[in-house]
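Peer 1: If you're matching them up, the sequences are chains A and B in order.
Heads up: the first sequence begins at 3 in this note's numbering, then just goes up one per residue.
Heads up: the second sequence begins at 981 in this note's numbering, then just goes up one per residue.
Below is the structure I would like to discuss, written out as structure tokens.
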Amino acid sequence: MPHDHHDHDHGALSPSGHPYRKDDDIVLSYWQMMEISVRELLIEKGHITAAQIHNQINTMDARSPANGAKVVARAWSDPEFKSALLTDAGQASRDMGFDIGPMHLIAVENTILVHNVVVCTLCSCYPRNLLGLPPDWYKSRAYRSRTVIEPRKVLSEFGVEIAQDVQVRVHDSTADMRYIVLPAQPKETMGLSADELAYWVTRDSMIGVGLPQAPK
Amino acid sequence: MKVRVQNHWPPGHIRTPAYLRGKTGEIEREIGLFNNPEQNAYRLPPQQRRLVRVRFTMAEIWGDAAETPDDVIEAEIYAHWLEPA
């Protein structure tokens, strides 16, 4: 282990140029204590095993925006699938082979007239069973409150300018549904295969705070 | 169909955001029946409630302070929070 000694200067940077992170020697919060207690009780009483919990964490960590990108790319290249996606995005994703559990998913389509953006003002609802864990900013109070008050300003801070003749449609995930934006297909990508198209679909374009981008 | 979100302020686990209470919108689509979270959250036997997507204009929600009056917000509201408008 490169950092198992404590004689380095704490103000300095690691050899890779990052500041050293402080050890997490803090008192557990009430809810951290609650989570550990409930988890240990469930294991002790034989309801669930530590391996099952770890397996579930691995399953969630393995989900990524790449799954959503494949769904979007297929919708761009297969009109029948696109129509199925807009009718029932959960079922369409399952039919593609994604294990999204019991999630109810709605796909909302960007067009020349409409730009969609997704937020959860009450907490942090996100289609994590398809896209994986949400970015930290998605859970911030600033994003959650400002997106319903001044979505165009928020989008411009993400580098997305929406023309005045395009309607911005904000989707507040208040209850049981989760949302994925179906971005408009860039003109330059017409004729590409679904596999090639998937590289253009960014996580942010599926939340609505970004647009598809040429792969680097 | 036009509906108004009831302007109620009960305690508990409420999925109707404060900024939409008392506001009028248009039903965008019916989603189906779901367990009422106001009971579900407390492990009480939940009633099934219709869940509805309602579309509100920024002008309706924020009045003169709206960033762009014709932009819209869509949210899921349980039918027992809605009244005809």
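Using N, Cα and C, we set each Cβ at its ideal position, and we do this for glycine too.
Keep in mind it's a predicted model, so treat the numbers as computed, not measured.
1. Specify, as a first and last residue, the run of the beta strand (DSSP E) that A/His106 falls within.
2. Does the beta-carbon of A/Ile38 have 16 or more other beta-carbons within 10 angstroms, so that it is buried, or is it exposed?
3. Compare the Cα-Cα distances from B/Ala998 to each of A/Gly212, A/Thr176 and A/Lys189 and report the closest residue.
4. In whole angstroms, what separates the C-alpha of A/Val162 from that of A/Leu213?
5. Tell me, please, whether the segment 133-145 of chain A touches the segment 56-71 of chain A by the rule of three or more beta-carbon pairs shorter than 8 Å.
6. Take every Cβ of the segment 194-213 of chain A, pair it with every Cβ of the segment 983-991 of chain B, and state whether three or more of those distances are shorter than 8 Å.
7. If contact means a Cβ-Cβ distance below 8 Å, which residues of the segment 163-190 of chain A contact chain B?
8. Would you tell me roughly how many angstroms separate the C-alpha atoms of B/Glu1018 and B/Ile1011, rounded to the nearest one?
9. Which residue comes first and which comes last in the beta strand (DSSP E) that contains A/Met179?
10. In the DSSP assignment, the beta strand (DSSP E) including A/Asp174 goes from what residue to what residue?
11. Where does A/Gln54 sit, in a helix, a strand or coil, going by DSSP?
12. Does any CB atom of chain B fall closer than 8 Å to the CB of A/Val150?
13. Give me whichever residues DSSP pairs with B/Phe1036 in a beta bridge.
14. Check each candidate in A/Val40, A/His56 and A/Leu107 and name the one with the smallest Cα separation from A/Val73.
15. Using DSSP with H/G/I as helix, E/B as strand and the rest coil, what is B/Gln1028?
16. Identify which residue in A/Tyr128, A/Ile164 and A/Tyr181 has its Cα closest to the Cα of A/Thr113.
Peer 2: Put simply:
1. The continuous beta strand (DSSP E) containing A/His106 extends over residues His106 to Glu111.
2. By the C-beta density criterion, A/Ile38 is exposed, having fewer than 16 other C-beta atoms within 10 angstroms.
3. Per the C-alpha coordinates, the member of A/Gly212, A/Thr176 and A/Lys189 positioned closest to B/Ala998 is A/Thr176.
4. Going by the C-alpha atoms only, they are around 8 Å apart.
5. Pairwise C-beta distances place the segment 133-145 of chain A in contact with the segment 56-71 of chain A, as three or more of them are shorter than 8 Å.
6. Counting Cβ pairs under 8 Å, fewer than three are found: no touch.
7. If you check each beta-carbon in the segment 163-190 of chain A against every beta-carbon of chain B, the ones closer than 8 Å belong to Gln166, Gln169, Val170, Arg171, Val172, His173, Asp174, Ser175, Thr176, Ala177, Asp178 and Met179.
8. In this structure, the CA atom of B/Glu1018 is about 18 Å from the CA atom of B/Ile1011.
9. Met179 to Leu184 is the extent of the beta strand (DSSP E) around A/Met179.
10. Residues Gln169 to Asp174.
11. Under the three-state reduction of DSSP, A/Gln54 is assigned to helix.
12. Interface residue, yes.
13. According to DSSP, which records beta bridges pairwise, B/Phe1036 is partnered with B/Ile1053.
14. For A/Val73, the closest C-alpha among the options A/Val40, A/His56 and A/Leu107 is that of A/Leu107.
15. When DSSP states are grouped into helix, strand and coil, B/Gln1028 belongs to the strand group.
16. Measuring from the Cα of A/Thr113, the nearest candidate turns out to be A/Ile164.
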